[in-house]
Amino acid sequence: MIGWYAFRLADSYFWYTFRLESAIGTARESIEFLAYKDGKDGTWEKLSSTNGVYTFTPESADGNFSIYAVNKSYDPWSEKFNYDIQVMNLNTTEGKEVPITFEYWPDTFEATLNLNFGNEFRGKYVGIFYGLDHAFPWFKSEDDLTYPNDLTYPVQTIPGTYDLVILAGEQGEDFSKIYIERNRSITAGTDNKNISLSDFTDLTTYFATTTINGAYAWGSLLVGGTTPVFTWFEDNSQLKIPQSLASSDDLYALSLSHYDSENSFNRLFTKFTDYPSDIETLNTLPSSTWEKPAFSDNTFTWNKYDPQIIGHELRFYNTSLANNDWTIVWMIVLSSGWLGSADSYEYEIPDLSGLEGWNASWLPGTGEVDSYDGFVAVSGNEDDLTKYLDPMAGMEESIISY
422 MIGWYAFRLA
432 DSYFWYTFRL
442 ESAIGTARES
452 IEFLAYKDGK
462 DGTWEKLSST
472 NGVYTFTPES
482 ADGNFSIYAV
492 NKSYDPWSEK
502 FNYDIQVMNL
512 NTTEGKEVPI
522 TFEYWPDTFE
532 ATLNLNFGNE
542 FRGKYVGIFY
552 GLDHAFPWFK
562 SEDDLTYPND
572 LTYPVQTIPG
582 TYDLVILAGE
592 QGEDFSKIYI
602 ERNRSITAGT
612 DNKNISLSDF
622 TDLTTYFATT
632 TINGAYAWGS
642 LLVGGTTPVF
652 TWFEDNSQLK
662 IPQSLASSDD
672 LYALSLSHYD
682 SENSFNRLFT
692 KFTDYPSDIE
702 TLNTLPSSTW
712 EKPAFSDNTF
722 TWNKYDPQII
732 GHELRFYNTS
742 LANNDWTIVW
752 MIVLSSGWLG
762 SADSYEYEIP
772 DLSGLEGWNA
782 SWLPGTGEVD
792 SYDGFVAVSG
802 NEDDLTKYLD
812 PMAGMEESII
822 SY
């Protein structure tokens, strides 16, 4: 599942105080290592937590601060420890949270929702989306011995409240029906729900298209703004919730991308809406004028990027690295507020070897990490950086990535 760690920013009299609550599943726990630096020229210090809660107060006059966060996990398949490292360089003017997210998958699930499908589902297949789980089971016909006879599908997740979404259709054909139960809660243990085809509604679709040669347009859907629901249609249309089932919390991402194979970079434009039109024509892409950033001796150098889209401003740069066996992954964010205005930039990954609990492998080693896996410039019409992790209707985002 996805475990998340969010630094929340609360107003105080003269400055801001950040509070970090870290959790594994539903229990608050500390992460492996967390350090903080106030201002660009400040001194790194290790932060300790109380029951998974960290606090720090940026006091630098310019509002700049940095976070170095390390999450440790064990991979039973490789029998190795993995380190997910995220370095944030931000400014207090850019939002009320530090957008740090660590992902993990639990060894066991505490909750099971048994979906008991009626006999009318024989010969059909379904798409199920609930919590962490998604699946596409199909059910045998009365005279078909190929598939199991069971009409029950167990959805495994962790306790919480999620939207339950089920698509249904004839085997070998596109999905034609949809069922949504909003805000269904589940606790630890096993719950049961009977599913009847009479509760389904005819689904609708829309088209995402473009006139830009070589570009690709598509749409994606988050039911309730949190549950990803996806499928495919032979006519390349996109899934749309019928108006009778729609909610203002639903979020559609309408995207257009273009890959430059000669120069090895991709451009992406996305706009978010709570309900798309029948035909969405996307003809906007960010500028292709940007030299490839360089990386050497743990130092990045790159030129300023301008998306050249009305209403879009450069919000942050994001880069990622990994060691040879991918047991250590670095993700570094450098916001425009932290960087300041300049035509070019240079950034060296910090060496925190003087701090207690530091692991020497957390600084990329020359010969093992000599290049980045991606360098991205993110622009958009929203100045709160956390919205780029948790988008909302009306937002637009443009990305160029090497």
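Just so we're on the same page, this note's numbering is the position in the sequence shown counted from 1, plus 421. Glycine is no exception: its CB is placed at the ideal position from the N, C-alpha and C atoms. Since the structure is predicted, the reported quantities are computational estimates derived from the model, not experimental observations.
Got a sec, what are the start and stop residues for the beta strand (DSSP E) residue i sits in?
i    : result
W498 : Here W498 belongs to no beta strand (DSSP E), and DSSP marks it neither H nor E.
S606 : K598 to I607
D554 : D554 to A556
M574 : For the record, residue 574 in the displayed sequence is Tyr; it is not Met. It spans T573 to T578 - the beta strand (DSSP E) in which Y574 sits, taken as one unbroken run.
L660 : Q659 to K661
L675 : L672 to D681
Y823 : No beta strand (DSSP E) contains Y823, which DSSP labels as neither H nor E.
E518 : E518 to E524
T582 : G581 to E591
On the three-state DSSP scale, how would you describe residue i?
i    : result
E803 : coil
A636 : coil
F542 : helix
L760 : helix
K725 : coil
A781 : helix
S641 : strand
T611 : strand
Y533 : The displayed chain sequence assigns Thr, not Tyr, to residue 533. Of the three classes helix, strand and coil, the one that applies to T533 here is strand, per DSSP.
T710 : coil
L773 : coil
L666 : helix
L468 : coil
L755 : strand
D623 : strand
L810 : coil
Under DSSP, the alpha helix (DSSP H) around residue i begins and ends at which residues?
i    : result
L742 : No alpha helix (DSSP H) contains L742, which is instead part of the beta strand (DSSP E) from E734 to A743.
Can you tell me the Cβ-Cβ gap for residue i and residue j, rounded? I've got them flagged as a contact below 8 Å.
i    : j    : result
L624 : F596 : 6 Å
L572 : F550 : Going by Cβ atoms, the distance from L572 to F550 rounds to 19 Å, so no, they are not a contact pair.
V491 : F454 : 4 Å
Y726 : A798 : 4 Å
W559 : Y546 : 3 Å
V576 : L643 : With 8 Å as the limit, V576 and L643 do not qualify as a contact, their Cβ atoms being about 18 Å apart.
T691 : S709 : That belief does not hold up - the Cβ atoms of T691 and S709 are roughly 17 Å apart, past 8 Å.
I730 : S819 : 6 Å
N539 : Y583 : Reading the sequence as shown, one finds Gly at residue 539 and not Asn. Actually they are not in contact, since the Cβ atoms of G539 and Y583 sit about 22 Å apart, beyond 8 Å.
S678 : L689 : 5 Å
Going along the chain, which residues of its own chain have a beta-carbon closer than 6 Å to the beta-carbon of residue i, five neighbours each way excluded?
i    : result
Y600 : I587, D620 and F621
I700 : F628
A609 : E531, A532 and P580
D825 : The chain is shown only over 422 to 823; residue 825 falls outside these bounds and no answer can be derived.
Y823 : F686, K713 and F796
Quick one: what's residue i bridged to in DSSP?
i    : result
V790 : For V790, which the question treats as bridged, DSSP gives no partner whatsoever.
E818 : T691 and G801
L455 : A490
E767 : T722
D505 : N492 and V750
T630 : T702
A715 : T722
Y551 : D554
T648 : V644
G795 : S741
F560 : According to DSSP, which records beta bridges pairwise, F560 is partnered with nothing at all.
N510 : S487 and L755
Taking 7 Å as the limit between beta carbons, can you name the residues of its chain near residue i, skipping five residues before and five after?
i    : result
E894 : Outside the modelled stretch of the chain, which goes from 422 to 823, sits residue 894, for which no answer is possible.
L760 : Y766
A814 : L672, F693, T694 and D695
Can you list, in chain order, the residues of its chain whose CB lies under 8 Å from that of residue i, leaving out five sequence neighbours each side?
i    : result
G732 : N802 and E817
P520 : A427, M509, V754, L806, T807, Y809 and L810
Between residue i and the ligand MG, is there a pair consisting of the residue's CB and a ligand heavy atom that are separated by less than 7 Å?
i    : result
Y489 : Although the ligand MG was asked about, the structure shown includes no ligands whatsoever.
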